[in-house]
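I have placed the structure first, in the form of structure tokens, so that the comments after it can refer back to it.
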Amino acid sequence: MPTSPEVTPSEWRAAAAVAGRREPYLAATGITCGYKKIPVVRDVSISVGLGEIVLIMGPNGAGKSTLVKALTGKIPLLEGRVVLDGQDISQAKEDERAKRGIGYVPQVGDVFPTLTVQENLEMGGYRWPRRDVRTHVDQALEQFPILKALRRRHARALSGGERKTLAIARALVADPRLLILDEPTSNLAPAIASTVLHDVVDGLATAGRAVLLIEQRVALGLEVATWGYVLAGGCTRFEASGDELRARDDLGSFFLEHGGTTAVPVTTQA
Amino acid sequence: TAASAVRSTNAKGPLNEAIVIAYTGPVSFEGLAADGGVYPGVSEINAAGGINGHKVNIVPVDTKGDPADAVPLVDKLIATTSNLIGASGIGTASAPTEVPILNSAGVTMMTFAGETAFNRSHYKYLWRLLPPDDANGKAMDLYAKSKGYKRVATVFGTTTGAQGDLPGVLSGLKGTGEKLVAKITLTPNQPSYRAEVEKLIAANPQVIFTEQNATTAVTFFSELKSLGHLIQAIGTNALVTSSWENAVRKAMGRSTFKRVLTVLSTSAPHKTPANAAYARALATVKSKVGSPWTQWEGNSHSQAAYDGVIVQALAMTAAHSVTPKVYNTHIMAVTEPGAGKTVVYTYAAGVRALKAGKKIQYYGAGGPIVFDKYHNSFGNQEAMKISTHDNTIPIATIPEKEIQALG
Amino acid sequence: MNVFVQTLGFGVVSASIIAVGAMGFTIQFGLTNVLNLSFGGVMTVSAFVAYLTEQSGINIWLCLVLGGVAGAVLTIFLGRTVFKVYARRGTRLFEMVMVTLALGLVIEYAVDAVSRDQIYSLSFPEGASYHIGAATLTESQLIIVGIGIAVFVGLERLLHMTRLGKALRAMAVDPGLARSCGIPTNRIVNATWLISGFLCGVAGVIYVLNALSVSYTTGVIFLPSIIAAAILGGVGSPRGAVLAALMLGLVTQLVAAAGFSAYSSIAAFGVLVVVLLSRPSGVLSAAARKVELTL
Amino acid sequence: MGHFSFYLSTLVVYFGIDLLSAWSLNLQYGYAGVINFAFIVFQAAGAYVAGAVVLGPDTGPNSYEHYILGARLPFPLPLLAGALAGAVLSAVIGLFAVRRIRRDYQAAVMLIVSLILLQVVGNDVHIFNGQNGITGIPRPLQTALGLSLPDYQWVYALWVLAICVVLYVVVERLSRSSWGRSLRAIRDQEDAAAALGLNGTLLRLEVFIVGGAIAGLSGALLVEFIGAWSPGAWGYAETFVIFTALLVGGVGNNRGMLLGTLIVPIIVLEAPSFLPTIGYPGLIDAIEWMIVGLAWMGFLLVRPRGLLPERRFRAPRPAAGVGARHGLAGWVARTFTLGRPELAPVAPVAPAIGVVAPGRASNGEATAPVSPAVPPAGARSGTVGSEEQ
Amino acid sequence: MTGSPTSEAAPRAGDHGGARGPANGDAPVLQVRDVVVRYGGVVAVSRVSFDLFRGKILGLIGPNGAGKSSLLAAIGGQQRAKGGSILLQGRDVTRSAPYTRAQHGLVRTFQTTSEFEGMTVFENLLVAGRGAVGASLWRVVARSRTNRAEERRAAAKAWGVLERFEMADLADAYGHELSGGQRRLVEIMRCLMRDPAVLLLDEPMVGVAPHLVAKFINDLRAVAAEGIGLVIVEHALEVIEQLCDVVVVMALGEVIAEGTYAAVVGDEGVRRAYLA
Ligand SMILES: Nc1ncnc2c1ncn2[C@@H]1O[C@H](COP(=O)(O)OP(=O)(O)OP(=O)(O)O)[C@@H](O)[C@H]1O
Ligand SMILES: Nc1ncnc2c1ncn2[C@@H]1O[C@H](COP(=O)(O)OP(=O)(O)OP(=O)(O)O)[C@@H](O)[C@H]1O
Ligand SMILES: [Mg+2]
Ligand SMILES: [Mg+2]
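In the order they appear, the protein sequences are chains H, U, L, G and V.
In this text, residue positions in the first sequence follow our numbering: the first is 1, and each later residue adds one.
In this text, residue positions in the second sequence follow our numbering: the first is 1, and each later residue adds one.
In this text, residue positions in the third sequence follow our numbering: the first is 1, and each later residue adds one.
In this text, residue positions in the fourth sequence follow our numbering: the first is 1, and each later residue adds one.
In this text, residue positions in the fifth sequence follow our numbering: the first is 1, and each later residue adds one.
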């Protein structure tokens, strides 16, 4: 299988521009990463521009979470480069990347169980000066009123959805320039899921932030995505704009049929 | 059998004397005391030309005071040591495991282990140079009685040695008629013994019988002192080590220490030529023994260890053999007093006398050595004050007969 | 009766000694998830530092601070040079316990070698005596109790009121997530080591002030009580550690006063077992079950 | 030579006994996750009881030992008594210690139990004679066999090894059985395992008792060999020696224990005793311990999973038709197309940045090509294979 | 497993009695009566009741924090019910330990995945697969022959399930090496290994690729068809719509509506509490 040779950021930008993308805020090129030095994701390049909502899709075990773990610095890169806002952050530590404006809501392990809701939110605002934390926390609570009543509760004593909500709110407290959400709608009731995607995610993009979204409920993700990547077996196999994905007649008819809530096709058994 | 240690009488190369004892662990002081006797003894022998022309080496074996650790080490000793002429030490804690192995391998043992189990032992190769622990305990009773004490308290740690002496103390008290007002057992190395101290004070004894390790003693006596009740204490022979004395002396204060504490130990005449020889030999090995080296001079355990080595060597000379199987039967011959025997105080003198065809009685640094049929040598006990580590001041002697008479 | 009152007062002193160590231990265990059995070795070293400085005639309370500093320095040194290396290699909880144990052995016997296997005793003026109720306590004992209280108040405030404290707690449950929040976990871990090391050192010194002798086994002998108090109180909770230390201190002294001195520490440990049994769910939290080393 | 063989037989006996201990711990820790820092207590229980039931009646004023019912049980009953003692003590301690508490707390509780019992037995002369312990335990059948001590030792060593072989089979079978699997399930996720019908406390108690019986047996074998037993022989540090053997050998691998026990007792017990004598007494020992500690740490750094790590269970593949690839093609087809095969992806195209060739994308073709579903073969099998030894 | 679900008219009983009324004169497999769950001061579930019959699928929906998981915990025994009673196949199990309930035929999945991390995927399935044989040493020793047969059966079944959920490649992967969705699949496959009387599923489809969701739906239908009672909590409403015979809506710990899916989503109160 042909793999791309070394790609410089400028080439990348050129390619992206032609494809009708915005200038990348985060550009990851030739990423190879995995666990214990054994690659799971191989030679993947993706980018997110400010104002974009980029969706990553793919079957279970495709390497989506692994890829974003490499972007946030949770696992080391085996190859490739991560450039954030023109600066190479490939070697930067996780907390360093967070300070530079990458927010991250992991798929699992997304809150501090032994801290209260309030304290969790405060931790989200760790990068702010002390006196500003309060206002950021309050803003986040405004967005998710469900958390207000739970402020003093330990995070381990939340329901699944409350917990996910808290995780998202915590990431918002940091007011990141790039927010990475790994399956944010899981465990969320439809109403909150839709708030998250349409108000929060869309709102961030409108406000000029970059959002990288992983969704297994593909249709839901596509509602807001401006660009989509399909990942499988650790490689990107396909990418297209959100419009294009939505426009494909087969997909379109499917979404219409199912009210757009999720992509649950019902197939006959093979 | 294959188990005899030295097969040839005409051994080649140096002879090996083992010290099988705990150098580490809770009873590590035994190892130091053994070293304090064996090293000078061997040095004296070598200085006098060795045994039948052979030089002697020392092989220390650290049993850690743990029988399970001791077994493979002793087996290894027997397996890997050529010309093994004997074993010294055989400390209290693991003696019961080691003795059978060494005995069946035919290694002569010179021990100061206090176990009452050996009071009637049938081990052919085992010789004990110090009285058993309970004799020491009874001597304490007798001394207290002689001082007119009526109300006594025992304060013993739970270590092996302490538990060996305690039965003697208790059984002795029945004979002396003193009243036991408190029997306190100290779990070693606690940060405080406040409750025990309070209890002791409440019982209002006139004197304390005691044996505890240094850490325990420091804490216990400082608390006793800080509550203003530091009364007279009588200790066992295990307290005569410089590290114990230093630690406790500092905690009590120098003059208090001397005033309060009396120690009972096997009596050792200080002025015999044997003592002088021992002191000289000790000086030649001062870098090899626990410091300060002078402390071992008056230590009954060290004296016993020293005597043990000399006795072995003299027996070998008398038997014209370095094989334990052969010389073991000559041991009594060089120690027993008897009419017409030449009394010798040093190895060199003994060898000279034997060469001259005389029968000898070795009179040791720890006094005369008289083995009974169970190979035990008893002796007088002595009460003493400790002024500095190498300066003990005898104040009374408790004759062996009185101790035996007590039960 | 009087004996009991006396011992009660004294139980508080023992409790304070245990509590200081247990608080140091508990925050290290709670925040880095390392059940650090080399803690005993560090206490010994600090105790020796205090002994040596005391020998050179420095005021004993200054020695206490020096001992604490020694503990802090040694702990952070070990943390950075030893524990971290293992954590990077992905050493897990249990193996780490074994590492700390081995390290404890190394320290213990290094001290043994340097101290020539000897016991060193301190003669330290105990100062005036005070009668509090029926109990008599010396000045230094009162100061020890004071230290215990001060450490407790300080730690509680630190953990629950300050940002550093909250970050410490956050990191304890999920270091990865903490990092992705931008918390500089490295610095925070260092802070933990410094604090717990300092407390460990202080504990070693006040233990020796009470027992009045120090040898290479001092810390190892003291360690079980500290671990017991830390666990009884719930790992990571200074409040719990203090309560547990009080319980252990009083039980030990009362049982001894009742005449079962051989069983006093046994009784104290028995309390631990009983309490752990009666509230197994209290110490079992879903979050805490899957602990990850935070180094 | 004769002497060396004598020494060797001793080492073989110790090796066998440590091996039993390591298996017992492996069962408890490697499979059930119970960190039994009180291990040595169960070995001690076996040793004391096995010793005390052969000592016979009190022998008079000079014997200071306390005996159990004055029994003088014949071989091999003492061994069984030892195993039983280990099992019973395990059951008693297990009743509180293996309940559901945090694993590290459990470890600490066990450590403390170990300290408590050592103190109780050491401080109280009425229980197995306090610090002095029991001594003079006869070696089984020594007189009956009429062998010299060295020969007898070899017989004994073979006897121990025979027991090891039997127990290897037992332990290996148990740990591979569905019971062993249940233990591991409980260890990993007690809630989930309980929801599948497994009683965690019972399972842990069972493994605790089985381990305790093996420990007791090892203690009995040991005491019959050395002939004495006292608190000096079961300080809690002894437990850590076995645990180290476990770690060195590889947790969860019964064969690894062979290596572990071969290496650790030799490092811990034998190698240092070959060091030359220097300095004051005790210095060598201190240095030895430092070396042991450093070696131990070094090992954990270099081979943290042990010499023979736990073996991954390889599920036996059924004959055919299984293991077909599942990849992108299927996923896209099923996700986007409602199973309409005509939209299944067609042509292979370069992945990553080359996927959307600028020219083609700009002309707005609606059907961007999709690369075929070829999972990177190396990725999966590589990940799995990484754990293999 | 049976036919095309799109064509198949799942037994969506139009009458209210679908899951509530006895389908064929059966007694309910699971009866929940006035169950209360409290955490300290928080009342998570207050007096909830329902009956579940053989072969029926009950959907439990409601906003986040409504008390759905708490209710499942009370039924499964992970949380002690502070009031009310739970009858499993007519047996009162309100105070039983979770493993007893499981042995009496109740199997559940958890909202946060609970794979056995130190075991391979295949072993994960085997643990679920055998009856109660590995549950105690005694049974393993005493029933070694039955045991072996049972193991073989379980292994065969495991391969089938693995194949179906495209996890056969990963049979030998450890639980801790799985992706989020794969962990969920293990959870799902584990409960399909069992032949329970009652199956409780707490958001089983979260993070699972859509086509596998479809398969799983089919499987659940087949499971129900075998006469097993199912309770499923899910926020993906189309799953509930396709699957459930009856839907119970909870909010703030109480049941606010129940009935068929259509009836329930049409309900004004439900719209306000959940869907808005
Ligand atoms: N351990 C706990 N301690 C205190 N309150 C708790 C605890 N667990 C859950 N709660 C509270 O109980 C209520 C019900 O929680 P539950 O998990 O049952 O909700 P749920 O319906 O499953 O929600 P979700 O859809 O978000 O999973 C919530 O308000 C939650 O905050
Ligand atoms: N800690 C790990 N160690 C080894 N392999 C892992 C680990 N985590 C994930 N993997 C493997 O890497 C592959 C990719 O996992 P990843 O979590 O990135 O998948 P994903 O695309 O996020 O899937 P999902 O949609 O199921 O969350 C999977 O096949 C998984 O088995
Ligand atoms: Mg994922
Ligand atoms: Mg829930």
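Glycine residues also receive a C-beta, built at the ideal position from the N, C-alpha and C atoms.
Computed from a predicted structure; not experimentally measured.
Comparing alpha-carbon positions, which option in the options lies nearest residue i?
{"i": "L/His160", "options": "H/Val224, H/Trp227, H/Arg152, H/Gln139", "result": "H/Arg152"}
{"i": "U/Ala87", "options": "U/Phe29, U/Ala117, U/Lys401, U/Tyr39", "result": "U/Tyr39"}
{"i": "L/Arg235", "options": "H/Asp95, H/Ala191, H/Thr114, H/Val196", "result": "Strictly speaking, residue 235 of chain L in this sequence is Val, with Arg absent from that position. Considering only alpha carbons, the answer is H/Thr114."}
{"i": "G/Val98", "options": "G/Arg187, G/Leu262, G/Arg139", "result": "G/Arg187"}
{"i": "G/Glu104", "options": "L/Met98, L/Ser196, L/Asn59", "result": "With the sequence shown as reference, residue 104 of chain G is identified as Asp, and Glu is not the correct amino acid for it. G/Asp104 has its Cα closest to that of L/Met98, out of L/Met98, L/Ser196, L/Asn59."}
{"i": "G/Gly133", "options": "U/Thr97, U/Ala135, U/Arg151, U/Val152", "result": "U/Thr97"}
{"i": "V/Val36", "options": "V/Ile61, V/Leu30, V/Arg91, V/Ser70", "result": "V/Ser70"}
My understanding is that residue i touches residue j, with C-beta atoms under 8 Å, so please give their C-beta distance in whole angstroms.
{"i": "G/Leu20", "j": "G/Leu217", "result": "6 Å"}
{"i": "L/Gly176", "j": "H/Lys74", "result": "6 Å"}
{"i": "G/Leu198", "j": "V/Ala128", "result": "10 Å between Cβ atoms; not a contact."}
What does the Cβ neighbour count give for residue i, buried or exposed, with the cut at 16 atoms within 10 Å?
{"i": "G/Pro351", "result": "At G/Pro351 the pLDDT is 31, less than 50, meaning the model places this residue with poor confidence; the figure from the coordinates comes in the next sentence. Result: buried."}
{"i": "H/Ile146", "result": "buried"}
{"i": "H/Arg127", "result": "buried"}
{"i": "G/Leu145", "result": "exposed"}
{"i": "H/Pro129", "result": "exposed"}
{"i": "L/Gly35", "result": "The question names Gly, yet the displayed sequence has Leu at residue 35 of chain L. Per the 10 Å Cβ criterion, buried."}
{"i": "L/Thr32", "result": "buried"}
{"i": "H/Pro24", "result": "buried"}
{"i": "H/Asp138", "result": "exposed"}
{"i": "U/Ile393", "result": "exposed"}
Ligand 1 and residue i: does any heavy atom of the ligand fall closer than 7 Å to the residue's C-beta?
{"i": "V/Gln78", "result": "no"}
{"i": "L/Val255", "result": "no"}
{"i": "H/Gln118", "result": "no"}
{"i": "V/Ser114", "result": "no"}
Taking 7 Å as the line, does the beta carbon of residue i fall inside it for any heavy atom of ligand 2?
{"i": "V/His211", "result": "no"}
{"i": "H/Val40", "result": "yes"}
{"i": "V/His176", "result": "yes"}
{"i": "G/Leu283", "result": "no"}
Does at least one heavy atom of ligand 3 sit under 7 Å from the Cβ of residue i?
{"i": "H/Ser65", "result": "yes"}
{"i": "H/Gln91", "result": "no"}
{"i": "G/Leu119", "result": "Correcting the residue identity first, residue 119 of chain G is Gln in this sequence and not Leu. The answer is no for G/Gln119."}
{"i": "H/Asp110", "result": "no"}
Is residue i near ligand 4, with its Cβ less than 7 Å from a heavy atom?
{"i": "H/Ser186", "result": "no"}
{"i": "H/Gly160", "result": "yes"}
Practice task
Report the residue ranges of all beta strand (DSSP E) runs contained in full by the stretch 133-170 of chain L; include only those spanning at least 3 residues, in chain order.
Solution key: 135-138
Practice task
Please go through the stretch 65-135 of chain L and give each complete beta strand (DSSP E) segment of 3 or more residues, from N-terminal end onward.
Solution key: For the stretch 65-135 of chain L, whole beta strand (DSSP E) runs of length 3 or above, ordered along the chain, are 129-132.
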